[in-house]
Each structure stands twice: as structure tokens, then as C-alpha cells.
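For the sequence shown, the numbering used here assigns the number 128 to the initial residue and increments by one for each residue that follows. Using N, Cα and C, we set each Cβ at its ideal position, and we do this for glycine too.
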Amino acid sequence: MKLQAPTSLRALVVAGCVSLLSATGIARAADSTAPIVIPIHNWSSQVVMAYVIGGMFEKMGSNVEYVPADSQAVYESIRNGDVTLSHEVWQSTFGKSFYNAMAKGGVIDAGTHSATTLEEMGVPTWVIEKNLCPGLPNWEALKDCPEVFATADSGGKGRWLEGPQSWHGDLMPERLEALGLADTWTVKFAGGADALWTELASAKKEGRGTIVFNWTPNFTDADGFTFIEFPEYTEGCRKADGGDGSCGSPKGWLKKAANYKFPKTHPAAYTAFTKLDFSTTQIGQMAALVDVDKLDHKDAAKQWLADNEAVWMPWTK
Ligand code: TMO
């Protein structure tokens, strides 16, 4: 009996405090001052977008840190909390690593951009207009024109210039094998994305056919780039997924990922991150600021933020 009075009194005081807090709005926790860690990878739109998103978070009062990160291993880093988020999860190259990390626990899906994606081998459209390999963009045309795409380093075979091997490993060499093209075609890996753009420029200057890995959204959307049409992608068709590898890349999604604690530690920034949504045109422009206009990534992001307040401000509200 004696114990009841203080207990109910305490309950009353607690209830009073709660209602006072919610009445004044103090109950909503502010975002942590701990830095939001944003990864930096090795293609232009991703780097510009990292600084665009970081700039937006800073405008909201958050602290931000940027870390260079491997674009496959980053999902494990997000899972264990070393990295807070990923803002460009491309289905073809990173879907598997993303879902593997999600299945282990610690990574959440923070939404999908409006832009749809394709990451595929292709040719500058003028190669098709000049009819350098009749039948392109159908892949079967490649059977009859490897010599058109031979280079000094390709041993007489036609060459595919792939991106850096860190993006998707042996996907393309496995595809050449699976399609029965490996006797007459070979894959060379570029050291970085810039080597792809240099190759496109020099091939054009020399009027020489070239096949390079590329993707959309990208700055090349505006130049005329045509992706080769391979046998359609189906779930599990790749060698790495147990298939025979004789398929092209998916017409895919572009997602956002986050560590599962991000909504709790930074509720306002997380909410803005879930609302954030870029279109094909916007992502192509971010890449073009660097690869066409030659701004550095940070300046490109500053310019994008200044020119597009009407786009990103509403996400922060
Ligand atoms: C991941 N990437 C857009 C370079 O294909």
C-alpha cells in the first residue's frame, strides 16, 4: 500500500513531461552531429552526386565525411556502419553485392531513382551510320567483323574495351566465351573511366571502329552512343549466378542504400535521402559537368546545387 503513492506519482510526472515535450515539439530528436559517411567511387556522376548530396546534408546542418571506396566492397562497409549510404546502386554491376549485404542484415533499401539504367558494351552511333560492321547493333553482327575492331594490343582479335575490372569482374570475358565469340574477340580492361572517353575521342578522330563499355545515364547520352543488343537478360543467366553467361545486361534500376541505423541517428537527413530522386537527364548533366565541361567534381556539385535549388530544397523540408 505504501509503495503505491510514489509509483503513481512518478507515472503522473512522467506522463506530464511527455505531454509537455510533445506539445512544444521538443520530443522530435535532432540529427546526430556524427558525420554522415558518403563513398566516392570512380565514375563522374557518382562523385558529383556524392558532393551534391553532401552539400544538401550540410545545408540541413549535418556533418559529412567522404571516403574513397571500392564499388563492390562498399555494401559490406555500409552493412557494418563504416559507410552510411550509397546513392548510385546500379542493378547490373552492384545489385548482387547490395542484396547479399541486405540478406546478411544491416543494409536497407532507401528507394529508387526515376532514372532507369543500362550498363553494356556499345559503339559510338557514327560506327553504325558508317556501316563499319553491318548488322550492328545486333550482337550476331560481331561474328563477321572482328578485324574492324582489332587494335595493336589485341593479337589480331576484335577488342572490347571494358571498364575497370573492379566494376564487374569477368562478366564480359565470360560472355564472349558463352556466345562463342572468344576465338575472334578479346576483352581489355581500362584503367579508369577516363580511358573509355579518351578511346571514344581518338576513334572518332581516326574514323576507326571501337567497342567500349558504357552506361546510361551518362554524358554520352547526348552524343549518340548505341548499346549492342545481346540475348535478353533473365534472372540467373550470368555465370556468376549459375547460368551459362550468354546474355546481355538488364535494363535495370538505380537504387539508394543505407545503413539501418541512419534513419535513427539522422532522421531528417535520412528522410531527405529517401525523397531524393534523380532523372536520366539530371544524372547525365552531373557527368557532363566533369567529362564535357571539365569542372572538378566539387565545383560541379556546387554549380549543380546553385542551379537546382528548386529540385533539392523540397527534399529537405
Ligand atoms: C557502375 N557503372 C555506372 C560505371 O557502370
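Rounded straight-line distance, which links the Cα of residue j to that of residue i
i	j	result
V438	V179	12 Å
V216	A414	16 Å
D423	N169	13 Å
K391	H295	33 Å
P300	A228	26 Å
T220	I235	18 Å
S224	G372	18 Å
S198	S293	7 Å
P291	E246	13 Å
E362	Q218	12 Å
M248	Y193	30 Å
L263	K257	11 Å
S159	R335	55 Å
L259	L323	20 Å
D350	T252	8 Å
I167	W266	34 Å
F389	G319	31 Å
A328	Y397	40 Å
P273	S171	31 Å
D209	A330	42 Å
N341	N386	29 Å
A277	L269	12 Å
Sequence-distant residues of the same chain with beta carbon closer than 8 Å to residue i, five excluded per side
i	result
T243	K378, G379, W380, L381 and T407
E326	L288, A317, T337 and V339
R365	L298, E301, G372 and C374
D368	K223 and E362
V175	M413, A414, L416, V417, H424, A427, A428 and W431
S281	T313 and K315
Residues near residue i in its chain [Cβ-Cβ closer than 7 Å; skip 5 each side]
i	result
T401	A237 and G238
K231	R206
V191	P162, I163, I165, G181, F184 and E185
A173	Checking the sequence, you will find Gln at residue 173 rather than Ala. Cβ neighbours of Q173 beyond the five flanking positions: E215.
Y360	C374, G375, S376 and P377
Bridge partners - residue i, DSSP secondary structure assignment
i	result
D348	Its beta-bridge partners do not exist; DSSP assigns none.
L381	W217
R286	T313
I180	In the DSSP output, where bridge partners are listed per residue, I180 has none listed.
A277	G285
N341	E247
P166	V194
F354	G249
D236	A384
N265	E356
L212	A385
Cβ neighbours of residue i in the same chain (closer than 6 Å, five flanking residues each side left out)
i	result
P344	A242, T407, I410 and G411
L303	A309 and W312
D348	G411
K444	none
V254	G336
Minimum Cβ-Cβ distance from residue i to chain C less than 8 Å
i	result
T313	No chain C appears in the structure shown, which is made up of a single protein chain.
**Request:** Quick one: residues with CB closer than 5 Å to any heavy atom of the ligand TMO, in chain order, please.
**Result:** What you get when you keep residues with a C-beta closer than 5 Å to any heavy atom of the ligand TMO is W170, W217, T220, E246 and W342.
**Prompt:** Counting pairs of beta carbons, one from the region 202 to 212 and one from the region 348 to 363, are three or more of them closer than 8 Å?
**Reply:** Result no; under three Cβ-Cβ pairs closer than 8 Å.
**Asked** Do three or more CB pairs link the region 269 to 289 to the region 306 to 317 at distances below 8 Å?
**Response** Output reads yes: the region 306 to 317 touches the region 269 to 289.
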